[in-house]
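In my numbering, the protein residues as written are 784 to 860.
Let me begin by presenting the structure, written as structure tokens, before commenting on it.
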């Protein structure tokens with residue numbers, strides 16, 4: 784199992800504790816590219832679909848659980 788596959792499994796198992804950088808790595812492994820950045824909003828596209836993920840700021844280390852669940856629903860099912 785590759786590092787990307789392990790990371791994707793980790794994200795599926797615990798969507799509440801996903802670091803932003805790990806989510807970006809997983810999306811890139813699935814063929815998504817960063818197409819636009821405006822402040823803390825990162826837009827990703829794979830040519831067919833586009834999604835926006837909000838980078839956590841302040842003292843938070845983890846992505847918003849709703850963003851992670853949306854990635855799981857759209858990409859990992």
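The beta-carbon is built from N, C-alpha and C at its ideal position, and this holds for glycine as well.
Hey, how far is the Cα of residue i from the Cα of residue j?
i: residue 790; j: residue 805; result: 7 Å
i: residue 825; j: residue 818; result: 8 Å
i: residue 796; j: residue 859; result: 12 Å
i: residue 814; j: residue 829; result: 6 Å
i: residue 840; j: residue 850; result: 14 Å
i: residue 831; j: residue 857; result: 12 Å
Starting from residue i, trace the alpha helix (DSSP H) both ways and give me its first and last residue.
i: residue 854; result: 848-858
Can you check which of these residues, the options, is closest to residue i by C-alpha distance?
i: residue 835; options: 845, 841, 843 and 821; result: 821
i: residue 827; options: 801, 844 and 809; result: 809
Would you give the residue range spanned by the beta strand (DSSP E) that residue i belongs to?
i: residue 827; result: 824-828
Beta-carbon within less than 7 Å of residue i's beta-carbon, same chain only, minus the 5 sequence neighbours each way: which residues are those?
i: residue 801; result: 794, 845, 846 and 851
Using a Cβ-Cβ cut-off of 6 Å (strictly less than) and excluding sequence neighbours within five positions of residue i, which residues of its own chain qualify?
i: residue 823; result: 837, 838 and 840
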